[in-house]
Amino acid sequence: MGDKEPMPYVEENLMEPLSVKQEEIMIKDEALHSSENPKEPENPGLSSGTFLCPEIEKCLSTNANLGRHKIVQVGEKPFACSECEQCYRKKSDLAVHERIHTGEKPFACSECEKCFRSKKRPFACSECEKCFRTKGKLTVHERIHTGERPFACFECGKYFRRKSVLTVHERVHTGERPFACSECEQCFRTKDALTVHETIHTGEKPFACSECKKCFRTKSAFIVHERIHKGEKPFTCSQCRKCFRTKYAVTVHERTHRGV
Numbered sequence: 001m002g003d004k005e006p007m008p009y010v011e012e013n014l015m016e017p018l019s020v021k022q023e024e025i026m027i028k029d030e031a032l033h034s035s036e037n038p039k040e041p042e043n044p045g046l047s048s049g050t051f052l053c054p055e056i057e058k059c060l061s062t063n064a065n066l067g068r069h070k071i072v073q074v075g076e077k078p079f080a081c082s083e084c085e086q087c088y089r090k091k092s093d094l095a096v097h098e099r100i101h102t103g104e105k106p107f108a109c110s111e112c113e114k115c116f117r118s119k120k121r122p123f124a125c126s127e128c129e130k131c132f133r134t135k136g137k138l139t140v141h142e143r144i145h146t147g148e149r150p151f152a153c154f155e156c157g158k159y160f161r162r163k164s165v166l167t168v169h170e171r172v173h174t175g176e177r178p179f180a181c182s183e184c185e186q187c188f189r190t191k192d193a194l195t196v197h198e199t200i201h202t203g204e205k206p207f208a209c210s211e212c213k214k215c216f217r218t219k220s221a222f223i224v225h226e227r228i229h230k231g232e233k234p235f236t237c238s239q240c241r242k243c244f245r246t247k248y249a250v251t252v253h254e255r256t257h258r259g260v
């Protein structure tokens, strides 16, 4: 009975309540770890109704404006012409372009009553003073004066002033004819060629001579006819200097000099 038995180890001894100081330390430690990866707000510092472009951190007032701004940033052109498939960033630009196909010219000059497709043409050619709505259109026009033809066909090496004209030309090599007549299914390389062809089925002859009222299906045939009234013979034989109204006529004539 002399030796006392050792006190049994009680697990509850580990669960003693923490002191106030210890609680404060643990709370601070937990807060420190939770702040290492804080959740960032989507648009920090922006008021409601304001939208931030992530590319350049520019703020726009509406979500629609943000959408249009992103189209400009990435170079998207979502508005395509149904006639020639040329694309534009803005619907208003497409509307102006479509007037090329419809022939609409709603804006008249107050001085000379000449009509234009768009209201403003601030870019003037220094050579002929012809005006254009955009700098790009002026640049293309100026190639007429400089002779620059930057778009080359890889098949035949022929050069063009505009990429759209090169695209049409390349169909000569590829055989592509994307425009089909709904009446006879004959196909064409350009929309204009299809439009002319369709007048065969409709009987339409939209080009009327003001002198004799004779009508023509195509503008080219109309222009040749007008030379009868004007007395124009712009094609000259290189051998005898005889003049003709059409390129075909002078080509046939020149064969006589070659004995063909």
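Heads up: the sequence shown begins at 1 in the UniProt record's numbering, then just goes up one per residue. Built from N, CA and C at the ideal position, the CB exists for glycine as well. This one's a predicted model, so the numbers in the text were calculated from it and none came from an experiment.
- request: May I have a chain-ordered list of the alpha helix (DSSP H) segments no shorter than 4 residues that lie completely inside the stretch 88 to 173?
  value: Annotation: the stretch 88 to 173 contains the following complete segments of the alpha helix (DSSP H) (minimum length 4 residues), in chain order: 91 to 102 and 135 to 146.
*asked:* Taking a contact to mean a Cβ-Cβ separation below 8 Å, would you say residue 224 touches residue 235 in this structure?
replied: Contact flag unset, no.
Review point. Hey, residue 257 and residue 244: beta-carbon distance below 8 Å or not?
Key: In this structure, residue 244 does not lie closer than 8 Å to residue 257 by Cβ.
Exercise. Apply the 10 Å Cβ neighbour rule to residue 154 and answer buried if 16 or more other Cβ atoms are within range, or exposed otherwise.
Key: By the neighbour-count rule (16 or more Cβ atoms within 10 Å), residue 154 is not buried but exposed.
So what's residue 72 in DSSP terms, helix, strand or just coil? Note that residue 72 scores a pLDDT of 47, beneath 50, so its modelled location is shaky and nothing firm can be said.
- Item | residue 97 classed as buried or exposed, judged by whether at least 16 other C-beta atoms fall within 10 angstroms | Buried is the call here.
Secondary structure of residue 246, DSSP reduced to three states: Correct three-state label for residue 246: coil.
Item checked: residue 189 classed as buried or exposed, judged by whether at least 16 other C-beta atoms fall within 10 angstroms -> By the 10 Å Cβ count, residue 189 comes out buried.
- request: With DSSP collapsed to three states, give me the class of residue 218.
  value: If DSSP states are grouped into helix, strand and coil, residue 218 belongs with coil.
- Message: Mapping the DSSP letters down to three states, classify residue 251 as helix, strand or coil.
- Response: Helix, per DSSP.
(request) Please go through the same chain and pick out, in chain order, the residues whose beta-carbon is closer than 8 Å to the beta-carbon of residue 209, but skip the five residues on each side of it. (result) Contacts found: 215, 216, 222, 225, 226 and 229.
- prompt: Roughly how many angstroms separate the alpha carbons of residue 152 and residue 231, rounded to a whole number?
  reply: Residue 152 and residue 231: Cα-Cα distance of roughly 38 Å.
inquiry  = I need the straight-line Cα distance from residue 131 to residue 137, nearest angstrom please.
reply    = Spanning the two alpha carbons is a distance of roughly 9 Å.
Checklist entry - Would you report the Cα separation of residue 241 and residue 255, rounded to the nearest angstrom? => result Between residue 241 and residue 255, the C-alpha separation is close to 14 Å.
Let me check understanding here. Comparing Cα to Cα, which of 126, 164, 141 and 135 lies closest to residue 84? Nearest to residue 84 by alpha-carbon distance, out of 126, 164, 141 and 135, is 164.
- Task: Please classify residue 202: does DSSP put it in a helix, a strand, or coil?
- Result: In this structure, residue 202 counts as helix in the three-state DSSP scheme.
Note to self: So that I know if they touch, is there some Cβ in chain C lying closer than 8 Å to that of residue 201?
What the structure shows: Among the chains in the structure shown there is no chain C, since it carries only a single protein chain.
key: Pairwise C-alpha distance: residue 81 and residue 71   = Any answer about residue 71 is weak, because its pLDDT of 49 lies below 50 and its placement is not dependable; what the coordinates show is given next. Going by the C-alpha atoms only, they are around 17 Å apart.
Simplified DSSP assignment, three categories, for residue 47
With a pLDDT of only 48 at residue 47, under the threshold of 50, the placement of this residue in the model should not be trusted; the figure read from the coordinates follows. In this structure, residue 47 counts as coil in the three-state DSSP scheme.
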